[in-house]
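Under my numbering, the letters of the sequence shown match residues 14 to 355, in that order. A virtual CB, placed ideally from N, CA and C, is assigned to each residue, including glycine. Shown next, in structure tokens, is the structure this report addresses.
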Amino acid sequence: MHINRYTKIICTIGPASNQEDMLLKMAQRGMNKARINCSHGTPAQHQKIVDLVNSVNQHNDFDLGILVDLEGYRIRIGKMKKNVPLNPHEVVYISNERNPEPGVIPLDFDGDLRSITKGLNMFLDDGTLQLRVLGHSGDRLELRVVQGGILRERKGVNIPGLKLQSNIMTEKDSVSIDFALRNQASMISQSFVRNKKDIQRVMAKVKPHSPGTKVIAKIESEDGLRNVESILDECDGLMVARGDLGVSLPIYKIPIVQKYLIHHCNRKKKLSITATQMLDSMIERGQPTRAEVSDVANAIIDGTDYVMLSGETAVGKYPSRSVQMMSQIVSYTEKHTNVPPK
């Protein structure tokens, strides 16, 4: 069953959806592209996803595309033996040493820890947790918990105001691009694009080998937002990556920023993808909130080309139902509005 919609649906594939029968069900309910998140999983697991998608296409007359989402240069919490509860006002210590002593939180950061200065805020796990830097204690950072919660390993870390290295395309990204080209991915997205040079590096590696593969710049920071015009001139489209954007910017600005980015894509006839927490409550519940439904509909009315499911289909309890709900929202919204407003 092929569903005819202007707005397409991208689904992140993970433990909840990396079986052929589930992928088939998601395709039947409206999935158009499968996203491989290179921040998680192994090359073997990523190859398995590609093979499963190819099998669904070959045996069921689907044409599912593959989006390979590069990790980019990302500060992360290191590996931990168990989750760590962080309580408000508690003082904690973080180190980027390979084997920090017990009780010290590991940080996967190859820069100079002294560059993370007193007064900076550290947001963890898409802003779910917030710490404030108090200073340095030897080779460790001393921080106070502002917003607590459960800290899990390998979660992303955002530190607004911290200057990162000049080249965000890592060696791992280069390997992931080779993987994407080898498997004929229809899209490759680069994380944390700050300026046109960041996306030019990806374009130079992709386009000579596969001119038809779309290269997407993920806008996740103030720098990326400031340079969006020149970035968009160098690539095939943008992803409105609302998770990290909502940490880099005050969260109340995100709806207007989203409209601004989609408008620029439409004006320049480039692709736009709206992502992060679109039906987030469906990770645990069988129904979305009314606010989530309105959020998806507004992105469609704005003229986004793609809406994306993340945790909903990667680790959620209701992956195929999430796709069905997204498809229903898209179809109804397009039917009753002037979509596509290109």
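I need the boundaries of the alpha helix (DSSP H) containing residue i, first residue and last residue.
i, result
"Asn67", "Pro56 to Asn73"
"Arg280", "Ile267 to Arg280"
"Val117", "That residue, Val117, is in no alpha helix (DSSP H); it is neither H nor E in DSSP."
"Tyr86", "From DSSP, Tyr86 is part of no alpha helix (DSSP H); its letter is neither H nor E."
"Ile342", "Pro332 to His349"
"Val328", "Unbroken run through Val328: none, as it is neither H nor E."
"Leu245", "Val241 to Asp246"
"Glu305", "Arg303 to Asp315"
"Ala29", "Taken as a continuous stretch (DSSP letters only), Ala29 belongs to no alpha helix (DSSP H), as it is neither H nor E."
"Lys176", "Here Lys176 belongs to no alpha helix (DSSP H), and DSSP marks it neither H nor E."
"Ile212", "Lys209 to Val219"
For the beta strand (DSSP E) holding residue i, just list the boundary residues, first then last.
i, result
"Val104", "Val104 to Ser108"
"Arg48", "Lys46 to Asn50"
"Asp25", "For the record, residue 25 in the displayed sequence is Thr; it is not Asp. Lys21 to Thr25 is the extent of the beta strand (DSSP E) around Thr25."
"Gln203", "Met200 to Gln203"
"Gly194", "Note that residue 194 is Leu in the sequence shown, not Gly. No beta strand (DSSP E) holds Leu194; the alpha helix (DSSP H) holding it covers Glu184 to Arg195."
"Leu292", "Leu292 -> no beta strand (DSSP E), and no H or E assigned at all."
"Leu381", "The question about residue 381 has no answer here: the residues shown for the chain are numbered 14 through 355."
"Met321", "Tyr319 to Leu322"
Assuming residue i and residue j are in contact, meaning their beta carbons sit under 8 Å apart, how far apart are those beta carbons, in whole angstroms?
i, j, result
"Ile107", "Val117", "7 Å"
"Glu155", "Val104", "6 Å"
"Gly169", "Asp211", "Rounded, the Cβ-Cβ distance is 18 Å, inconsistent with contact."
"Lys131", "Gly148", "5 Å"
Since residue i sits in a beta bridge, which residues does DSSP pair it with?
i, result
"Leu144", "Met135 and Val158"
"Gly78", "Lys46"
"Val253", "Ile232 and Thr287"
"Asn171", "Phe136"
"Ser150", "Arg153"
"Ile163", "Pro98"
"Lys38", "Looking at the DSSP assignment, Lys38 forms no beta bridge with any residue, so it has no partner."
Please go through the same chain and pick out, in chain order, the residues whose beta-carbon is closer than 8 Å to the beta-carbon of residue i, but skip the five residues on each side of it.
i, result
"Ile172", "Ile88, Ile129, Leu133, Asn134, Met135 and Phe136"
"Gln32", "Leu65"
"Gly43", "Ile16, Arg18, Ile22, Val336, Gln337, Met339, Ser340 and Val343"
"Thr183", "Glu84, Gly85 and Tyr86"
Which residues in the same chain as residue i place their Cβ atom closer than 6 Å to its Cβ, once the five residues preceding and following it in sequence are excluded?
i, result
"Gly237", "Val206 and Arg207"
"Ile26", "Ala47 and Ile62"
"Gly174", "Leu133"
"Asp121", "Arg89 and Gly91"
"Pro119", "Gly91 and Pro113"
For residue i versus residue j, is the C-beta distance shorter than 8 Å?
i, j, result
"Asp293", "Glu305", "yes"
"Met295", "Gly259", "no"
"Leu357", "Ile23", "Past the edges of the chain, shown from 14 to 355, lies residue 357, and the structure says nothing about it."
"Thr287", "Thr326", "no"
"Val270", "Met291", "no"
"Ile232", "Leu274", "yes"
"Val241", "His277", "yes"
"Ile201", "Leu83", "yes"
"Val159", "Gln143", "yes"
"Leu194", "Ser223", "yes"
Can you list, in chain order, the residues of its chain with a C-beta nearer than 7 Å to that of residue i? Leave out the 5 residues immediately preceding and following it.
i, result
"Pro56", "Phe192"
"Leu37", "Val69 and Asn73"
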